[in-house]
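Student: Those letters in the sequence shown? Residues 2 to 497, by the working numbering. For each residue, glycine too, the CB sits at the ideal point set by N, CA and C.
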Amino acid sequence: MDIEEFRRRGKEAVDIIADYYQSVDNHPPVASVNPGYLQKLIPREMPQTPDSYDDIIADMQSKISPGITHWQSGNFFAWFPGCSSYPSIIGEMFSSMYSVIGFNWLCSPAATELEVAVMDWLGKLLGLDNRFLSIDEHGRKNRGGGIIQGSASEALLLAMIAARERKIQEICSQDNISYHEAISKQYLFVAYVSDQTHSCAEKAANILGVQIRIIPSDNNFRLTKDALVAQISQDKRSYHYPFFVCGTFGTTNTTSIDDLPGLADVAEVEHMWLHIDAAYAGAALACPEFRELAQGIERAHSFDFNLNKWMLVNLDCSAMWIFDSKFLTKALSAGRNILYRDSLEKENPAVRNMHNWQIPFSRRFRALKIWFTLRVYGVVGIQTHIRNQVNMAQWLKTQLILDGRFEIVAPVVFGLVVFRLNEKAASAFGSIDLANSCLYQLIQQDGRVFIVSTMVNNRLALRAAIGSVFSTMENVKLLFDVITESATDAISSHIY
Ligand code: PLP
Numbered sequence: 002m003d004i005e006e007f008r009r010r011g012k013e014a015v016d017i018i019a020d021y022y023q024s025v026d027n028h029p030p031v032a033s034v035n036p037g038y039l040q041k042l043i044p045r046e047m048p049q050t051p052d053s054y055d056d057i058i059a060d061m062q063s064k065i066s067p068g069i070t071h072w073q074s075g076n077f078f079a080w081f082p083g084c085s086s087y088p089s090i091i092g093e094m095f096s097s098m099y100s101v102i103g104f105n106w107l108c109s110p111a112a113t114e115l116e117v118a119v120m121d122w123l124g125k126l127l128g129l130d131n132r133f134l135s136i137d138e139h140g141r142k143n144r145g146g147g148i149i150q151g152s153a154s155e156a157l158l159l160a161m162i163a164a165r166e167r168k169i170q171e172i173c174s175q176d177n178i179s180y181h182e183a184i185s186k187q188y189l190f191v192a193y194v195s196d197q198t199h200s201c202a203e204k205a206a207n208i209l210g211v212q213i214r215i216i217p218s219d220n221n222f223r224l225t226k227d228a229l230v231a232q233i234s235q236d237k238r239s240y241h242y243p244f245f246v247c248g249t250f251g252t253t254n255t256t257s258i259d260d261l262p263g264l265a266d267v268a269e270v271e272h273m274w275l276h277i278d279a280a281y282a283g284a285a286l287a288c289p290e291f292r293e294l295a296q297g298i299e300r301a302h303s304f305d306f307n308l309n310k311w312m313l314v315n316l317d318c319s320a321m322w323i324f325d326s327k328f329l330t331k332a333l334s335a336g337r338n339i340l341y342r343d344s345l346e347k348e349n350p351a352v353r354n355m356h357n358w359q360i361p362f363s364r365r366f367r368a369l370k371i372w373f374t375l376r377v378y379g380v381v382g383i384q385t386h387i388r389n390q391v392n393m394a395q396w397l398k399t400q401l402i403l404d405g406r407f408e409i410v411a412p413v414v415f416g417l418v419v420f421r422l423n424e425k426a427a428s429a430f431g432s433i434d435l436a437n438s439c440l441y442q443l444i445q446q447d448g449r450v451f452i453v454s455t456m457v458n459n460r461l462a463l464r465a466a467i468g469s470v471f472s473t474m475e476n477v478k479l480l481f482d483v484i485t486e487s488a489t490d491a492i493s494s495h496i497y
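If you want it as structure tokens, here you go:
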């Protein structure tokens, strides 16, 4: 492909993308292909000689498209949203244009400096405490700052790495032993999460070789101070070292919020690192009315949310803040300096050698797509987006309650509605789980909307997550119609 063909094909590609978005609701939101469908359509060997570009595009439309689940459809309500937007897509295109690999400042000063700037913009947008920002109100460098990671899982792992480093240093000075001796105690380090915390916490503990306690949540699906204190006391009696606790602001199953002030109290007393995982719900903090729910975050050591869930930026884009980067950078600095020359960080607050704040060495220029998105939407545009989705979720909740056959399983705070057929509606089935499983299957068979199911208090529940920028009231009304029609079919099939 030469430059002129690139020019022509690139313009065509934007048209294909625009056409896709214009008609995305016409596709069933979930792919209906069988496992292995593509293996039958794609040759087992790559081409020896170049394929024709027209054939590639034709194959994409005839072979790839049928196997796509349309996350950007207004009728997609599964998991959490994977919310993209036009300015974000354009920002991503320009990031590919530069294709810089910004592991340190010198690799691309603009990539580092824009990241520092947009992370501070975002921190202020969410109302985060000033100590999370890179540059304080007097233009001086803070001890930490924000960095874009690929995912909330990576952010949690990095927080655990920093926490482990902090505990190792503490043991060194308390017990007057060497760094290596302190590391050898790591198998006694314990991280604390709840049974509602995302499974990436277990993954992080497994990677690091530390222990993890999964504490039962309370009736409101929250990790509480008392439960944490009880577990820690037990562990300390057997000479374990509590070093990390994860509080979730918006859990995956129900969007519950842990007792963050309580966890912060315990973290302080026990010298543990408090990480806040706000992967989905963090975006809501752009609206001041949600900040009351986030008390305690200002006392955390790190905080993370995914712009690629609810804040209009396409995957991958997870925003992590850390109040003091020294533990992380100490743990991740290799010390050797082959082929690259790090810029001097101390001299200027805008200079940062990002490879010591993350797992990979290389890094993408993700700040550009954030910059495009934040500028095109502005604070008001982002707030409107979040409030629209929350209002639609409230509408759905109210309609389901008014219908009389459903119970709402968890408080609807953000864009997620978790519901099920109630005991009365399910009575003909003899089992509430059977009734809801039947309802779920009928909704899937209908195919006009896509939701997923989950287990809440050991019982089946259905989750409808409203969050796509393309979901309008019309889409949510369709969702309600599909749910209620399927409920009627499910119940009548069991009565007659
Ligand atoms: N934390 C929470 C609360 C989540 O809901 C999810 C995913 O939905 C994750 C973490 C994992 O996010 P990621 O895929 O960015 O690692």
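Can you list, in chain order, the stretches of the beta strand (DSSP E) that have 3 or more residues and sit fully within the region 205 to 237?
Tutor: 212 to 216
Student: Hey, R460 and I452: beta-carbon distance below 8 Å or not?
Tutor: One-based indexing of the sequence shown puts residue 460 at position 459. One-based indexing of the sequence shown puts residue 452 at position 451. It is not a contact, given that the beta carbons lie outside the stated cut-off.
Student: What did DSSP end up calling M321 once you bin it into helix, strand or coil?
Tutor: Stepping through the sequence shown from its first residue, residue 321 is reached at position 320. In this structure, M321 counts as strand in the three-state DSSP scheme.
Student: Should H139 go down as buried or exposed, given a rule of 16 or more other Cβ atoms within 10 Å for buried?
Tutor: Numbered from 1 along the sequence shown, position 138 holds the residue referred to as residue 139. Exposed, because fewer than 16 other Cβ atoms sit within 10 Å of the Cβ of H139.
Student: My output table needs one value for S158: the three-state DSSP class, helix, strand or coil.
Tutor: Here residue 158 refers to the residue found at position 157 when the sequence shown is read from its first residue. The sequence given here has Leu at residue 158, not Ser. Helix, per DSSP.
Student: So for G124, helix, strand or coil by DSSP?
Tutor: For the purposes of this step, residue 124 is taken as the residue at position 123 of the sequence shown. When DSSP states are grouped into helix, strand and coil, G124 belongs to the helix group.
Student: So, with DSSP's three-state summary, where would you put V457?
Tutor: Position 456 of the sequence shown holds residue 457. Here V457 sits in strand by DSSP.
Student: Taking only three categories from DSSP, how would you classify A268?
Tutor: Within the sequence shown, the letter at position 267 stands for residue 268. Looking at A268 - three-state DSSP - the assignment turns out to be helix.
Student: Could you pull out every residue in the same chain whose Cβ sits closer than 7 Å to the Cβ of V331, ignoring the five residues on either side in sequence?
Tutor: Position 330 of the sequence shown, counted from the first residue, corresponds to residue 331. Note that residue 331 is Lys in the sequence shown here, rather than Val. The answer, listed in chain order, is E166.
Student: On the three-pair Cβ rule with 8 Å, is the region 17 to 30 touching the region 65 to 73?
Tutor: As far as the Cβ criterion goes, the region 17 to 30 touches the region 65 to 73, which means the pair count is three or higher.
Student: Alpha carbon to alpha carbon, how far is M456 from N221? Give it in angstroms, no decimals.
Tutor: Position 220 of the sequence shown, counting from 1, holds the residue named residue 221. Position 455 of the sequence shown, counting from 1, holds the residue named residue 456. So the alpha carbons of these two residues sit roughly 14 Å apart.
Student: Just curious, the alpha helix (DSSP H) that S535 is in, first and last residue?
Tutor: Coverage of the chain is limited to positions 2 through 497, which leaves residue 535 absent and any answer about it impossible.
Student: Rounded to the nearest angstrom, how far is the Cβ of L329 from that of A163, given a contact under 8 Å?
Tutor: Along the sequence shown, read from residue 1 onward, the residue named residue 329 stands at position 328. Along the sequence shown, read from residue 1 onward, the residue named residue 163 stands at position 162. Correct: roughly 4 Å between the Cβ atoms.
Student: May I ask you to check if the CB of N307 is nearer than 7 Å to at least one heavy atom of the ligand PLP?
Tutor: Reading the sequence shown from its first residue, position 306 is the one you call residue 307. Yes.
Student: Am I right that S363 and A153 are in contact with their C-beta atoms under 8 Å? What's the rounded C-beta distance?
Tutor: The residue given as residue 363 occupies position 362 in the sequence shown. The residue given as residue 153 occupies position 152 in the sequence shown. About 20 Å separates the two Cβ atoms, so there is no contact after all.
Student: I'd like the span of the alpha helix (DSSP H) that includes Y22, first residue to last.
Tutor: Residue mapping note: residue 22 aligns to position 21 of the sequence shown, counting from 1. From DSSP, the alpha helix (DSSP H) with Y22 extends over 4 to 23.
Student: Answer with buried or exposed for A394, where buried requires no fewer than 16 other C-beta atoms within 10 angstroms of its C-beta.
Tutor: Position 393 of the sequence shown, counted from the start, is the residue given in the question as residue 394. Buried.
Student: Given this structure, state the Cα-to-Cα distance separating P361 from Y240, to the nearest angstrom.
Tutor: Here residue 361 corresponds to residue number 360 of the sequence shown, with the count starting at 1. Here residue 240 corresponds to residue number 239 of the sequence shown, with the count starting at 1. Roughly 34 Å separates the two Cα atoms.
Student: Confirm the yes/no value for this check: CB of C201, any heavy atom of the ligand PLP, distance under 7 Å.
Tutor: Mapped onto the sequence shown, residue 201 falls at position 200. Checking every heavy atom of the ligand PLP against the Cβ of C201, one is found closer than 7 Å.
Student: Within the chosen definition, does the region 348 to 359 reach the region 52 to 61 through at least 3 CB pairs nearer than 8 Å?
Tutor: no
Student: To which residues of the same chain is G297 closer than 6 Å at the C-beta, ignoring the five residues directly before and after it?
Tutor: Taking the first residue of the sequence shown as position 1, residue 297 is located at position 296. So the qualifying residues of the chain are L261, P262, A265.
Student: Less than 6 Å between C-beta atoms, sequence neighbours within five positions excluded: which residues of the same chain meet that for H495?
Tutor: Working through the sequence shown from its first residue, we reach residue 495 at position 494. Answer for H495: A429, F430, listed in chain order.
Student: So D447 and V483 are in contact, right, with Cβ under 8 Å, and what is the actual spacing, rounded?
Tutor: The residue labelled residue 447 in the question sits at position 446 within the sequence shown. The residue labelled residue 483 in the question sits at position 482 within the sequence shown. About 5 Å separates the beta carbon of D447 from that of V483, a gap short enough to meet the 8 Å contact definition.
Student: Mind checking whether C201 and L159 have CB atoms under 8 Å apart?
Tutor: Walking along the sequence shown from the start, residue 201 turns up at place 200. Walking along the sequence shown from the start, residue 159 turns up at place 158. Contact flag unset, no.
Student: So what does L422 bridge to, in DSSP terms?
Tutor: As a working note, residue 422 is residue 421 in the sequence shown. DSSP, once it has assigned bridges, lists F407 as partnering L422.
Student: How far does the alpha helix (DSSP H) with N131 in it extend, from its first residue to its last?
Tutor: Position 130 of the sequence shown, counting from 1, holds the residue named residue 131. Note, N131: premise wrong, no alpha helix (DSSP H); not H, not E.
Student: Tell me whether the region 113 to 121 and the region 274 to 283 touch, counting them as touching only if at least three CB pairs, one residue from each stretch, are closer than 8 Å.
Tutor: no
Student: Would you call S469 buried or exposed, if buried means 16 or more other Cβ atoms sit within 10 Å of its Cβ?
Tutor: Indexing the sequence shown from 1 puts residue 469 at position 468. Counting Cβ neighbours within 10 Å, S469 comes out buried, since at least 16 surround it.
Student: Hey, is the region 304 to 321 in contact with the region 366 to 380, meaning 3+ C-beta pairs nearer than 8 Å?
Tutor: As far as the Cβ criterion goes, the region 304 to 321 touches the region 366 to 380, which means the pair count is three or higher.
Student: By the DSSP assignment, the beta strand (DSSP E) with D305 in it spans what residues?
Tutor: If you number the sequence shown from 1, residue 305 lands on position 304. From DSSP, the beta strand (DSSP E) with D305 extends over 303 to 307.
Student: Buried or exposed for I148, going by 16 or more other Cβ atoms inside 10 Å?
Tutor: Walking along the sequence shown from the start, residue 148 turns up at place 147. When all chains shown are included, I148 counts as buried.
Student: Just checking my contact of D325 with G145 at CB under 8 Å: how many whole Å lie between their CB atoms?
Tutor: Start at 1 with the first residue of the sequence shown, and residue 325 comes out as number 324. Start at 1 with the first residue of the sequence shown, and residue 145 comes out as number 144. The Cβ separation is near 5 Å, so the contact holds.
Student: Under 8 Å, Cβ to Cβ, is there at least one residue of chain D near S257?
Tutor: The chain inventory of the structure shown lacks chain D, comprising one protein chain alone.
Student: Could you give the residue range of the beta strand (DSSP E) that holds D277?
Tutor: Position 276 of the sequence shown, counting from 1, holds the residue named residue 277. For the sequence presented, residue 277 should be read as Ile rather than Asp. 274 to 278 is the span of the beta strand (DSSP E), which, as asked, contains I277.
Student: Assuming the contact rule is C-beta atoms closer than 8 Å, R223 and D259 should be a hit. Round their C-beta distance to whole Å, please.
Tutor: Sequence index remark: in the sequence shown, residue 223 carries index 222 (1-based). Sequence index remark: in the sequence shown, residue 259 carries index 258 (1-based). Confirmed, Cβ separation roughly 5 Å.
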